[in-house]
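Heads up: the sequence shown begins at 2 in the numbering used here, then just goes up one per residue. Glycine included, every Cβ here is placed at the ideal spot set by N, Cα and C. Nothing here was measured: the structure is a model prediction, and the numbers come from that model. Notes for the one structure printed next.
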Amino acid sequence: MARPRRAGAELAAVERAFAAMPAELSTRAKAVNLAARVAREMVDQAESTDPMDMALRQASAALARDPVMVLATDPEIGLHALLDALKVERFRARGGGWIDREAWARETVAIERDLAARLATRFRRARKKWP
């Protein structure tokens, strides 16, 4: 069975983000750069507890159509499922045990790094689908 198609919004956002980057960068470098920015935004959103901050991020994404914000927030694209899966994977790996604040910070950095690596691969593959 084939993998489901990527959302059109995702391909368009990746294309816009790549087009805004210097032409001399390779597709891989562009994908890594974009993935790091999207992963940072997604982790920031997941960690945010301020309703005003969340509302401002959503408004910014809706108005500016910044590709990073679109990729990080658009429910049609659904990248948060990947972030959630990584968090659950870590939770299970530590046996569901509680961790202190410092360990939580280290784990969050590791999750962001893993997320960025997976997103870079995803964005690089998306580039291959363009005409």
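(message) Tell me which residues share the same chain as Ile112 and place their Cβ nearer than 8 Å to its Cβ, disregarding the 5 neighbours each side in the sequence.
(response) In the sequence shown, residue 112 corresponds to position 111, counting from 1. Non-local C-beta neighbours of Ile112 in its own chain, meaning closer than 8 Å and more than five positions away in sequence, comprise Val44, Leu84, Leu87, Lys88 and Arg91, ordered along the chain.
(request) Over the uninterrupted alpha helix (DSSP H) stretch that includes Ala40, give me the two end residues. (result) Translated into positions along the sequence shown, residue 40 becomes position 39. Thr28 to Glu48 is the extent of the alpha helix (DSSP H) around Ala40.
(message) Pairs of beta-carbons, one from the segment 66-85 and one from the segment 33-44, closer than 8 Å: are there three or more?
(response) Contact holds between the segment 66-85 and the segment 33-44, because three or more Cβ pairs, one in each stretch, are under 8 Å apart.
(request) Return helix, strand or coil for Met55, following the three-state DSSP convention. (result) For the purposes of this step, residue 55 is taken as the residue at position 54 of the sequence shown. Correct three-state label for Met55: helix.
(message) I'd like to check one pair, Leu12 with Ala127: are the Cβ atoms closer than 7 Å?
(response) Within the sequence shown, residue 127 is the residue found at index 126, counting from 1. Within the sequence shown, residue 12 is the residue found at index 11, counting from 1. Yes, Cβ-Cβ distance for Ala127 and Leu12 is below 7 Å.
(request) Could you tell me the boundaries of the alpha helix (DSSP H) in which Pro68 lies? (result) Along the sequence shown, one-based indexing puts residue 68 at 67. Counting along the chain, the alpha helix (DSSP H) containing Pro68 begins and ends at Pro68 to Thr74.
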